[in-house]
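Mapped onto this note's numbering, the consecutive letters of the sequence shown carry residue numbers 142 to 734. Here a beta-carbon is modelled for each residue, glycine too, at the ideal position from N, C-alpha and C. The block underneath contains the structure these notes are about, expressed in structure tokens.
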Amino acid sequence: MPIRLLPPDVASRIAAGEVIERPASVVKELIENSLDAGATEVAIEVRGAGVEYIRVVDNGCGIPADEVELAFQRFATSKVASITDLESISTLGFRGEALPSIAAVSSVTVVTRARGEDFGTRVDVAEGAVVRKERQGAPQGTAVTVRHLFRDFPARRKFLRSPATETSRIQAVACRYALAYPEVRFQLTVDGSTAFASTGSADLREVVAAVYDPETARAMLEITPDVAESSGPRVWGLVSPPRLDRANRGHVTFFVNRRYVQNRSLGFALEQAYQGFLMERRYPIAVVSIGIPPEEIDVNVHPSKAEVRFRREGLVFSTLQQAVRRTLTAHSPVPEVSRVQPSTGRPAQQQGKASLWPTVDFDTHAPEHGPATGAAMAGHHGESPVKAEDTGTRPTDAPLPSKVLPVLRVVGQVQNTYIVAEAPDGMYLIDQHAAHERVVFEKVRADAVARTANAQSLLEPVTVELDTRLHELLEAQREAIARTGFDVEHFGGRTYLLRAVPSLLAGQDPRQAFLDVLDSLADGGGYESWEERAAYSIACHGAIRAGKSLTYQEMTELTRLLEQCQQPHTCPHGRPTMVHLSAGHLEREFGRR
Ligand code: ADP
Ligand code: MG
Numbered sequence: 142m143p144i145r146l147l148p149p150d151v152a153s154r155i156a157a158g159e160v161i162e163r164p165a166s167v168v169k170e171l172i173e174n175s176l177d178a179g180a181t182e183v184a185i186e187v188r189g190a191g192v193e194y195i196r197v198v199d200n201g202c203g204i205p206a207d208e209v210e211l212a213f214q215r216f217a218t219s220k221v222a223s224i225t226d227l228e229s230i231s232t233l234g235f236r237g238e239a240l241p242s243i244a245a246v247s248s249v250t251v252v253t254r255a256r257g258e259d260f261g262t263r264v265d266v267a268e269g270a271v272v273r274k275e276r277q278g279a280p281q282g283t284a285v286t287v288r289h290l291f292r293d294f295p296a297r298r299k300f301l302r303s304p305a306t307e308t309s310r311i312q313a314v315a316c317r318y319a320l321a322y323p324e325v326r327f328q329l330t331v332d333g334s335t336a337f338a339s340t341g342s343a344d345l346r347e348v349v350a351a352v353y354d355p356e357t358a359r360a361m362l363e364i365t366p367d368v369a370e371s372s373g374p375r376v377w378g379l380v381s382p383p384r385l386d387r388a389n390r391g392h393v394t395f396f397v398n399r400r401y402v403q404n405r406s407l408g409f410a411l412e413q414a415y416q417g418f419l420m421e422r423r424y425p426i427a428v429v430s431i432g433i434p435p436e437e438i439d440v441n442v443h444p445s446k447a448e449v450r451f452r453r454e455g456l457v458f459s460t461l462q463q464a465v466r467r468t469l470t471a472h473s474p475v476p477e478v479s480r481v482q483p484s485t486g487r488p489a490q491q492q493g494k495a496s497l498w499p500t501v502d503f504d505t506h507a508p509e510h511g512p513a514t515g516a517a518m519a520g521h522h523g524e525s526p527v528k529a530e531d532t533g534t535r536p537t538d539a540p541l542p543s544k545v546l547p548v549l550r551v552v553g554q555v556q557n558t559y560i561v562a563e564a565p566d567g568m569y570l571i572d573q574h575a576a577h578e579r580v581v582f583e584k585v586r587a588d589a590v591a592r593t594a595n596a597q598s599l600l601e602p603v604t605v606e607l608d609t610r611l612h613e614l615l616e617a618q619r620e621a622i623a624r625t626g627f628d629v630e631h632f633g634g635r636t637y638l639l640r641a642v643p644s645l646l647a648g649q650d651p652r653q654a655f656l657d658v659l660d661s662l663a664d665g666g667g668y669e670s671w672e673e674r675a676a677y678s679i680a681c682h683g684a685i686r687a688g689k690s691l692t693y694q695e696m697t698e699l700t701r702l703l704e705q706c707q708q709p710h711t712c713p714h715g716r717p718t719m720v721h722l723s724a725g726h727l728e729r730e731f732g733r734r
């Protein structure tokens with residue numbers, strides 16, 4: 142499409158008064174233009190944190206000689222012609238505002254040669270106006286040079302951060318586009334030396350290696366495609382395995398139709414998918430792309446086009462969540478006991494006791510103080526009743542293909558806490574509390590959904606006095622709470638009679654359990670269902686404790702139940718339920734191999 146001025150009705154719909162805030166905004170707009178031009182190579186060079194000099198060179202389609210000046214007029218674009226086009230934007234740019242906005246605050250030179258033209262064209266633009274235009278020999282593609290950014294705009298300059306910060310923002314922009322377009326070769330040169338380069342091999346993992354490091358790239362899991370062919374959104378990319386986590390959300394990158402976007406819901410969906418796989422307050426590394434028909438999104442909601450709105454947000458959300466969940470479940474292994482420390486650098490991987498992991502430290506953790514595995518790592522002691530702040534977000538693992546455990550033969554119990562079991566591939570140590578928590582969690586959740594919860598009547602009803610918040614919650618959620626197996630009767634005021642509890646909680650303090658379940662429901666959490674929150678709380682109460690001696694039958698029963706779980710390898714908090722000592726490892730340890 143030739144570059145044309147947008148008709149006023151279209152222009153008024155999309156005008157964002159796009160403002161160039163900082164050097165990185167220039168780099169972003171120029172890269173977007175190169176990608177829209179179909180470039181397979183994009184070279185970015187900056188000097189003086191981009192304020193002095195920015196140059197972006199591409200091998201894209203180029204700009205026809207007679208259109209170059211037009212490109213510098215506001216609302217001149219080759220990407221949108223009518224209002225209907227706005228409803229399905231498939232290019233990164235669409236407003237025709239970037240080049241004029243950049244030219245208004247800097248000196249710009251464009252050298253370009255369009256496909257099929259014999260000569261290139263050079264145009265110099267100063268203070269927004271074309272000051273020179275001439276023919277010039279040039280390779281096909283476009284080179285845009287931006288000098289003296291904000292020279293005449295001291296106010297704008299004042300808002301710039303240190304050169305190092307501005308440079309790193311530029312680098313972040315380049316890295317993001319390289320991740321979004323692995324088939325395009327990017328090169329970023331900062332003050333004469335290469336700061337970042339991708340190969341353009343189309344292999345996302347290679348770009349991740351360039352942005353992060355090769356080890357991280359190797360460890361990342363490729364999102365398992367949905368086997369069912371569907372017309373809904375498509376999700377692809379790489380996500381970190383559970384043990385490769387980070388302390389903040391800064392390593393999560395989303396692209397929608399290859400546009401980098403920031404979207405809280407997508408972030409939520411991703412974190413929900415990791416529930417039960419990551420410790421609390423740990424976050425994944427992820428490079429996730431969502432492909433969706435352009436008419437399903439609105440990209441024109443943000444001045445720098447960094448946000449999108451989905452017509453059917455719930456669908457996108459659940460598709461993303463399920464895809465990541467599927468990937469994690471398919472890859473979640475039983476942690477193997479080995480002498481090799483995982484390389485996540487997480488400090489909590491126990492000091493002293495150098496070898497085994499997760500380390501079982503019998504000296505410092507008496508069983509009555511909690512299971513002696515890595516529980517301390519998460520700040521989670523399985524023994525403690527659910528605390529309010531712990532109940533916010535819980536797994537939302539909708540039915541998923543279950544991960545098969547080998548058939549386990551129980552051998553015995555150690556420390557009244559771990560079940561020792563044998564399988565064809567070696568030995569397993571099972572944390573009885575964590576394992577039972579997983580079993581109870583899945584059972585309660587399934588019962589609540591199927592409305593088949595078993596209740597156990599109390600010999601004597603128990604009086605429970607609720608605070609206003611829980612009182613209101615109970616009134617609003619009577620039915621949901623009844624579905625978990627609690628039978629409560631209003632006695633008057635904020636007093637209730639508890640007549641029955643879920644049978645899984647028989648033997649526990651009924652009042653405390655009831656209050657905890659209400660608390661966890663009151664918390665609201667993220668997107669998980671109330672069934673999950675209730676199940677989580679009941680599991681915490683109902684699961685057998687560490688330190689309890691179990692009979693052989695009880696242990697066998699527990700391992701059978703665990704084998705039937707959908708996610709047998711972790712408790713609902715994300716701690717491992719078992720560690721594996723492989724046959725090969727035993728052989729090596731005893732020098733048999
Ligand atoms: P938009 O990208 O929203 O169309 P811009 O102001 O960024 O607006 O660019 C205006 C027009 O200039 C584009 O529509 C495109 O036709 C042309 N153009 C800009 N940069 C390039 C480039 N690197 N290669 C080819 N054409 C370009
Ligand atoms: Mg543009």
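The ligand MG heavy atom lying under 6 Å from the CB of residue i
i, result
"Gly740", "Residue numbering for the chain in the displayed model covers 142 to 734; residue 740 lies beyond these limits and cannot be assessed."
"Ala239", "yes"
Residues of its chain near residue i, where Cβ-Cβ distance is below 7 Å and the 5 sequence neighbours each way are ignored
i, result
"Glu728", "Arg734"
"Asp531", "At Asp531, the pLDDT of 33 sits below 50, so the modelled position is not reliable; the number obtained from the coordinates is stated separately. Correct list: empty, nothing qualifies."
"Ala724", "Asp566 and Gly567"
"Gln440", "In the sequence as presented, Gln is not what sits at residue 440; that position holds Val. So the qualifying residues of the chain are Ile230, Arg400, Lys446 and Val449."
"Gly408", "Arg390 and Val393"
"Gln281", "Asn200, Gly203, Arg254 and Arg256"
Residue i vs residue j beta-carbon contact at 7 Å
i, j, result
"Leu233", "Leu176", "yes"
"Ala315", "Ile426", "no"
"Ala180", "Ile311", "no"
"Leu646", "Gly683", "yes"
"Gly278", "Gly261", "yes"
"Leu320", "Val168", "no"
"Phe627", "Phe655", "yes"
Spatial neighbours of residue i in its chain, beta-carbon cut-off 8 Å, leaving aside the 5 residues before and after
i, result
"Glu454", "Ser406"
"Glu307", "Arg163, Pro164, Ala165, Ala190, Gly191, Val192 and Leu301"
"Arg550", "Ala562, Glu563 and Ala564"
"Glu347", "Pro323, Ser339, Thr340 and Ala358"
"Pro143", "Pro205, Glu208 and Ser219"
Backbone secondary structure at residue i - three-state DSSP
i, result
"Val501", "In this prediction, Val501 scores a pLDDT of 27, lower than 50, which makes its location untrustworthy; the coordinate-derived value is nonetheless stated afterwards. Correct three-state label for Val501: coil."
"Ala184", "strand"
"Ile571", "strand"
"Ala178", "coil"
"Met696", "helix"
"Thr636", "strand"
"Glu228", "coil"
"Arg254", "strand"
"His726", "helix"
"Asp439", "strand"
"Val271", "strand"
"Ser661", "helix"
"Phe451", "strand"
"Phe216", "coil"
"Gln277", "strand"
"Gly189", "helix"
"Thr609", "helix"
Own chain partners of residue i with C-beta closer than 6 Å, once the 5 adjacent residues on each side are dropped
i, result
"Thr250", "Asp265 and Thr286"
"Leu469", "Phe418"
"Leu171", "Val197 and Val285"
"Ala471", "Thr365"
"Val585", "Ala676 and Ile679"
"Val629", "Tyr637 and Leu639"
Heavy atom of the ligand ADP within 6 Å of residue i beta-carbon
i, result
"Gly201", "yes"
"Ser175", "yes"
"Thr181", "no"
"Lys220", "yes"
"Thr593", "no"
"Ala212", "yes"
"Thr283", "yes"
"Ala675", "no"
"Ala178", "yes"
Answer yes if the stretch 655-662 comes into contact with the stretch 606-623, meaning at least three C-beta pairs across the two stretches below 8 Å, and no otherwise. With the rule of 3 Cβ pairs closer than 8 Å, the stretch 606-623 counts as touching the stretch 655-662.
Hey, is the stretch 592-607 in contact with the stretch 714-729, meaning 3+ C-beta pairs nearer than 8 Å? At 8 Å Cβ cutoff, the stretches do not touch.
Quick test of the definition: if touching needs 3 or more C-beta pairs under 8 Å, does the stretch 415-430 touch the stretch 197-217? No: fewer than three Cβ pairs fall under 8 Å.
Could you tell me whether the stretch 566-585 touches the stretch 700-712, where touching means 3 or more Cβ pairs closer than 8 Å? Counting Cβ pairs under 8 Å, three or more are found: they touch.
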